[in-house]
Amino acid sequence: MDLLRTVAQAWKVPEMRKKMLFTLVMLVIFRIGSNVPVPGINRATLLNMFTGDKGLFDLFDLFSGGAFSNFTIFALSITPYITASIIVQLLTVAFPYFERLAKEGTAGRKKMAQITRYMTVGLGLIQAFGLTVGLFRRAVVDQSAFSFAVIILVLTAGTAFLMWLGEQINENGIGNGISLIIFAGIVARIPSGLRSIWTKYSDGNISIISIALFALFAIVVIVGIIAVQQGTRRIPVQYAKRVVGRKMYGGQSTHIPLKVNQAGVIPVIFALSLLQFPLTITYFFQKSGFTEFVTKWLSPAGMPGVWVYGTLNVVLIIFFTYFYTAVTFNPLEVASNMKANGGFIPGIRPGRATVDYLQKVMTRISLVGAIFLAVVATLPTLLSHLTSLDIRFGGTSLLIAIGVALETMKQLENQMVMRNYKGFLK
2 MDLLRTVAQA
12 WKVPEMRKKM
22 LFTLVMLVIF
32 RIGSNVPVPG
42 INRATLLNMF
52 TGDKGLFDLF
62 DLFSGGAFSN
72 FTIFALSITP
82 YITASIIVQL
92 LTVAFPYFER
102 LAKEGTAGRK
112 KMAQITRYMT
122 VGLGLIQAFG
132 LTVGLFRRAV
142 VDQSAFSFAV
152 IILVLTAGTA
162 FLMWLGEQIN
172 ENGIGNGISL
182 IIFAGIVARI
192 PSGLRSIWTK
202 YSDGNISIIS
212 IALFALFAIV
222 VIVGIIAVQQ
232 GTRRIPVQYA
242 KRVVGRKMYG
252 GQSTHIPLKV
262 NQAGVIPVIF
272 ALSLLQFPLT
282 ITYFFQKSGF
292 TEFVTKWLSP
302 AGMPGVWVYG
312 TLNVVLIIFF
322 TYFYTAVTFN
332 PLEVASNMKA
342 NGGFIPGIRP
352 GRATVDYLQK
362 VMTRISLVGA
372 IFLAVVATLP
382 TLLSHLTSLD
392 IRFGGTSLLI
402 AIGVALETMK
412 QLENQMVMRN
422 YKGFLK
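To convert a position in the sequence shown, counted from 1, into this note's numbering, add 1.
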């Protein structure tokens with residue numbers, strides 16, 4: 002109810018309504034483009050290629066909302082952008098130049114964003130080449146170099162356009178543009194997913210008990226996601242009393258809310274992007290020993306690959322949870338601001354002791370969030386091999402969809418608060 006009330010209140014404000022409509026239009030454009038086929042493709046051949054269990058490529062369809070298997074202009078989705086973002090973030094740790102950029106404020110962030118854009122286009126060209134010349138080669142009608150070049154450029158342009166759409170949402174809309182594009186793709190696949198479950202039930206391939214268990218799992222996961230995403234550890238803060246002139250200031254108590262899952266759904270998205278990498282290489286080596294190795298050992302559809310994939314997924318999610326938390330939460334900055342305003346944590350000395358305490362608390366609660374993300378994202382993949390119900394990426398889809406929705410609503414609330422605060426000052 003609070004969520005609906007927030008949306009309703011925001012809709013009444015012309016400025017907020019304009020932002021919400023802008024975001025919606027951008028996402029509609031994304032869905033329209035996801036159904037525009039790449040030129041020069043034989044649709045019948047393409048359909049035959051993906052008849053039955055797609056296995057390996059369900060992971061790519063998760064990000065693209067079905068655009069990958071239909072080989073549309075957005076087949077690459079924003080995967081190259083996510084990969085480029087991961088690389089740039091890791092470079093800030095490995096190379097002093099990028100570390101300096103990260104600390105230079107707005108100018109540094111703009112430079113890093115520009116580098117990410119160039120890297121996205123480069124990665125897009127490589128992946129588009131692999132898709133066109135490798136995986137989808139049989140579906141290309143004209144096997145000339147010119148035809149391949151056109152398709153490669155169209156796919157790369159599609160990714161660049163999605164990157165631009167995401168940035169436009171960031172600047173003129175509500176929420177994180179890239180996350181919302183992934184969210185829209187996941188939501189768009191819900192009807193086909195439900196239809197697939199109904200078809201399997203009608204054919205007798207799955208039982209009503211399996212469906213009931215899946216529904217129960219989905220409800221538990223949704224409740225868990227909301228609880229973890231909204232969960233915080235409150236650190237008490239006391240402000241010392243001070244006299245300025247004839248007035249006394251301070252003396253009040255407040256708290257610092259440390260989120261259990263500070264990183265949000267970013268670790269899940271980053272982990273999936275990296276796990277796509279070996280699958281991406283298989284574009285270039287169709288029907289080779291390498292492809293067979295990846296399918297068997299690194300694919301969620303292979304055996305024992307499902308266990309290797311699950312293990313890697315858990316490790317990467319935990320790693321990126323701590324990595325991204327370190328990027329977004331700076332205990333030194335929090336402690337310095339607290340000290341500058343006369344605040345302190347009861348029982349903890351200001352300065353280095355406060356920094357260490359905040360770091361220790363955040364490390365502990367982040368472990369809870371990381372384990373939760375890893376279990377929800379990985380458990381359905383393992384359960385799919387124990388039942389006939391294909392829910393390989395059900396947990397991941399729920400994590401991203403619910404997580405992005407909650408984060409977007411939070412941003413909407415924050416913008417409403419800031420607007421009311423500015424109005425009060427006027």
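The beta carbon of each residue, even a glycine, is placed where N, CA and C say it ideally should be. Since this is a predicted model, take the numbers as computed values, not measurements.
Ranking Tyr82, Ile74, Ile187, Ser211 by CA distance to the CA of Leu400 puts Ile187 first. Annotation: Lys361 to Asp62 spans about 39 Å, alpha carbon to alpha carbon.
Under the three-pair Cβ rule at 8 Å, the region 321-331 does not count as touching the region 290-307.
Selection Phe64, Phe96, Val94, Asn71 evaluated against Tyr82 yields Phe64 as nearest (Cα-Cα). When Cβ pairs closer than 8 Å are counted between the two stretches, the region 203-213 is seen not to touch the region 75-89, the count staying below three. In the DSSP secondary-structure assignment, Pro15 is not bridged to any residue. The DSSP-derived three-state label of Gln10 is helix.
Contact annotation: Pro15 and Val151 have beta-carbon atoms that are not nearer than 8 Å. Counting C-beta pairs with one atom in each stretch, the region 142-162 and the region 110-130 have three or more that are closer than 8 Å, which means they touch. Residue pairing by DSSP puts Pro258 in a beta bridge opposite Arg235. At the C-beta level, Leu181 and Val405 come within 8 Å of one another.
Around the Cβ of Gly265, a 10 Å sphere holds 16 or more other Cβ atoms; the residue is buried. Assignment of Val316 by DSSP, reduced to helix, strand and coil, places it in the helix class. Burial check for Ala272: the Cβ neighbour count within 10 Å reaches 16 or more, so the residue is buried.
Rounded to the nearest angstrom, the gap between the Cα atoms of Ala114 and Leu28 is 22 Å. Residue pairing from DSSP places Ile42 in a beta bridge opposite Val141. When only Cα atoms are considered, Val315 and Ser145 end up about 43 Å apart.
Here Thr73 carries a strand assignment [DSSP, helix/strand/coil]. Under DSSP, Gly344 shares a beta bridge with Tyr240.
Taking a 10 Å sphere around the C-beta of Pro301, we find 16 or more other C-beta atoms and assign the residue as buried.
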